[in-house]
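Under numbering that gives the first Met the number 0, think of the first position of the sequence shown as 0, with each following residue one higher.
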Amino acid sequence: MTTPSQTVGPFFGFALPYAADWELVPEGHPGAVTITGVVLDGAGEPVPDALLELWTGEPGDRGALSREGAGVSGFGRCGTAPDGSYRFRLAPPSRPYAALLVFARGLLKPVRTRVYLADAPDPLLGSLDPARRATLLARPEGQDVYRFDVRLQGEQETVFLEF
Numbered sequence: 000m001t002t003p004s005q006t007v008g009p010f011f012g013f014a015l016p017y018a019a020d021w022e023l024v025p026e027g028h029p030g031a032v033t034i035t036g037v038v039l040d041g042a043g044e045p046v047p048d049a050l051l052e053l054w055t056g057e058p059g060d061r062g063a064l065s066r067e068g069a070g071v072s073g074f075g076r077c078g079t080a081p082d083g084s085y086r087f088r089l090a091p092p093s094r095p096y097a098a099l100l101v102f103a104r105g106l107l108k109p110v111r112t113r114v115y116l117a118d119a120p121d122p123l124l125g126s127l128d129p130a131r132r133a134t135l136l137a138r139p140e141g142q143d144v145y146r147f148d149v150r151l152q153g154e155q156e157t158v159f160l161e162f
């Protein structure tokens, strides 16, 4: 017997992300970039208790549980702060995007999207009209820093993917 889905969250801090979970690469890693942003609900208000998982799937990464030393992980997890903000430090992905999974209250299941650091040739990106494509593009905000806001509903809602 299957049971219906229930909403995701709110998330409680016990046994969830550890303090450095947002760091896919250590500080000072050559070429590292930081992606920062906020998660917004349908009214444009910050979501203070969302959980984001970022995956780059880089060749040679050591996995989510192996971060000792100068190890590189292709997976990171970050809970949002009270102002809805989050951040990840990573090596630029070898493919044009990083995959992002968002868990938030009110969702029956997590939503999946992509973060593109540039408007690069990509079949998915190329299939979208320019206004929708813009919701997947991180904006440069300084040297090696990009901003990617996730809008769960409403105007400029982020493009979410179905698998």
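All C-beta atoms in this analysis are idealised placements derived from N, C-alpha and C, irrespective of residue type, glycine included.
Checklist line | Own chain partners of Pro47 with C-beta closer than 8 Å, once the 5 adjacent residues on each side are dropped | finding: Thr79, Ala80, Pro81, Asp82 and Gly83
* Asked: Alpha carbon to alpha carbon, what distance is there between Val110 and Leu160?
  -> Cα-Cα distance, rounded: 7 Å.
Note to self: Suppose contacts are defined by Cβ-Cβ distances below 7 Å. Is Arg88 in contact with Ala31 by that definition?
What the structure shows: yes
| query | Measuring CB to CB, does Thr33 end up less than 7 Å from Arg86? | reply | yes
field: Backbone CA spacing between Trp54 and Leu23 [nearest angstrom]
entry: One C-alpha to the other measures close to 9 Å.
Kindly indicate which three-state DSSP category Thr1 falls into: helix, strand or coil? Coil, per DSSP.
Check: How would you write the range of the beta strand (DSSP E) that Ala97 sits in, first residue to last?
Finding: Tyr96 to Phe102
Assign Ser126 to buried or exposed, taking buried as 16 or more other Cβ atoms, counted over all protein chains shown, within 10 Å of its Cβ.
Per the 10 Å Cβ criterion, exposed.
What does a CB cutoff of less than 6 Å around Val144 pick up in its chain, not counting 5 residues either side in sequence? Thr33
**Where the alpha helix (DSSP H) containing Leu127 begins and where it ends** = Taken as a continuous stretch (DSSP letters only), Leu127 belongs to no alpha helix (DSSP H), as it is neither H nor E.
Handout entry: DSSP beta-bridge partners of Trp54
Key = Phe74 and Ala98
Q | Of the listed residues Ser93, Gly27, Ala42 and Phe162, nearest to Lys108 (C-alpha basis) | A | Phe162
Check: Leaving out the 5 sequence neighbours to the left and right, which residues in its chain are closer than 6 Å to Phe147 when beta-carbon positions are compared?
Finding: Ile34, Gly36, Val114 and Ala137
Subject >> Straight-line gap, Leu116 to Arg132 (C-alpha atoms, nearest Å) >> reply: 12 Å
- Which whole-angstrom value is the C-beta distance of Gly75 and Asp20, which I expect to be below 8 Å? 6 Å
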